[in-house]
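Right, one structure below, let's go through it.
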Amino acid sequence: MEKKKNISMAVIKRLPKYHRYLGELLRNDVDRISSKELSEKIGFTASQIRQDLNCFGDFGQQGYGYNVRELHAQISSILGLNKDYNTIIIGAGNIGQAIANYRFDRFGFNIIGIFDANPKLVGIKIRDIEIQDIDRVPEYLKNNIVDIGVICVPKNNAQKVCDKLVQGGVKGIWNFAPIDLDAPEDITIENVHLSESVLTLIYLLNEKDQ
Ligand code: NAI
């Protein structure tokens with residue numbers, strides 16, 4: 001399989017959904033699936049699915065469909081799930097603790113450190129990881145390779161936390177604070193906005209009422 005460059009963001013955003021559904025099929029011992037069947041499950045059209053997967057190489061065979069295990073493995077590899085990502089969480093409040101408690105490690109997203117500015121939280125353990133004082137971050141980043149920093153602090157403090165992570169060599173930021181962060185171009189930032197999802201839900205709910 002040859003990974004092609006310049007894949008559109010829309011296709012990239014659909015890959016996690018393919019990954020999730022194919023994982024479910026694998027767990028249900030489904031060996032192969034046609035684009036039509038996959039389309040019924042996943043909600044994209046069959047031609048959309050064929051087009052999306054064609055961006056990455058020759059998957060599937062005419063009259064056979066897709067080999068579920070192979071396609072799942074290929075999509076995992078395209079997504080970069082075949083390696084581990086050392087991750088630290090900054091801010092151990094509601095969101096930070098929820099993330100620390102969720103089993104993201106099945107994606108290789110390994111939480112190795114949690115930091116907070118509140119002395120009352122420092123020393124408490126979340127799933128065996130002791131919350132450390134935020135001031136220890138620079139030293140921690142000198143001694144550990146960290147790929148991703150998760151920002152879960154109030155928005156007024158998010159930029160300075162981001163700067164600290166970038167200075168320490170962290171290249172990926174998963175930002176929960178409702179602020180657009182400034183960072184050099186080689187830093188990848190993914191913003192999460194649960195509130196946008198709620199607003200969409202509210203809109204769709206009202207639309208059905210009319
Ligand atoms: P929280 O108040 O429960 O936790 C924030 C934690 O950050 C506290 O433990 C605090 O001590 C710590 N903190 C503050 N400044 C810090 C600093 N400079 N360095 C290290 N730690 C610091 O807040 P919550 O509810 O967990 O929200 C966290 C962030 O996530 C906020 O920015 C909030 O607006 C945002 N949020 C985002 C959502 C989304 O969908 N993206 C949904 C809900 C909240």
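If you read the sequence shown in UniProt numbering, its first letter stands for residue 1, the second for the next number, and so on.
For every residue, glycine included, the Cβ atom is placed at its ideal position computed from N, Cα and C.
Between residue i and the rest of its own chain, which residues show a CB-CB distance below 6 angstroms, the 5 nearest in sequence each way excluded?
i           : result
residue 146 : 86, 88 and 170
residue 158 : 151, 177 and 179
residue 98  : none
residue 27  : none
residue 30  : 68
residue 190 : 174
What do you reckon, are the CB atoms on residue i and residue j nearer than 8 angstroms?
i           : j           : result
residue 108 : residue 81  : yes
residue 114 : residue 96  : yes
residue 116 : residue 131 : yes
residue 57  : residue 34  : no
residue 112 : residue 144 : yes
residue 202 : residue 153 : no
residue 21  : residue 41  : yes
Got a sec? Which residues, its chain only, sit under 7 angstroms from residue i by beta carbon, not counting five neighbours each side?
i           : result
residue 23  : 72
residue 208 : none
residue 162 : 151, 173, 181 and 183
residue 15  : 75, 78 and 79
residue 17  : 42
residue 59  : 53, 66, 71 and 74
residue 25  : 33 and 68
residue 121 : 92 and 131
residue 186 : 171
Under 8 angstroms Cβ to Cβ from residue i, same chain only, skipping five residues before and after it: list those, please.
i           : result
residue 192 : 174, 175 and 176
residue 39  : 45, 46, 48 and 49
residue 214 : The shown model of the chain, from 1 to 210, leaves out residue 214, and the question about it has no answer.
residue 32  : 64, 65, 66, 67 and 68
residue 198 : none
residue 125 : 131
residue 188 : 171, 172 and 173
Would you please state the rounded distance, in angstroms, between the beta carbons of residue i and residue j? I believe it to be under 8 angstroms.
i           : j          : result
residue 110 : residue 84 : 5 angstroms
residue 76  : residue 19 : 7 angstroms
residue 100 : residue 69 : Wrong, their Cβ atoms sit about 32 angstroms apart, outside the cutoff.
Less than 7 angstroms separating the Cβ of residue i from some heavy atom of ligand 2?
i           : result
residue 205 : In the structure on display, ligand 2 does not appear, and the ligands it does have are ligand 1.
Chain-ordered residues, beta carbon under 7 angstroms from a heavy atom of ligand 1: Any residue whose Cβ sits closer than 7 angstroms to a heavy atom of ligand 1 makes the list: 90, 91, 92, 93, 94, 95, 96, 115, 116, 117, 118, 121, 134, 152, 153, 154, 155, 157, 158, 160, 161, 176, 177, 178, 192, 193, 194 and 195.
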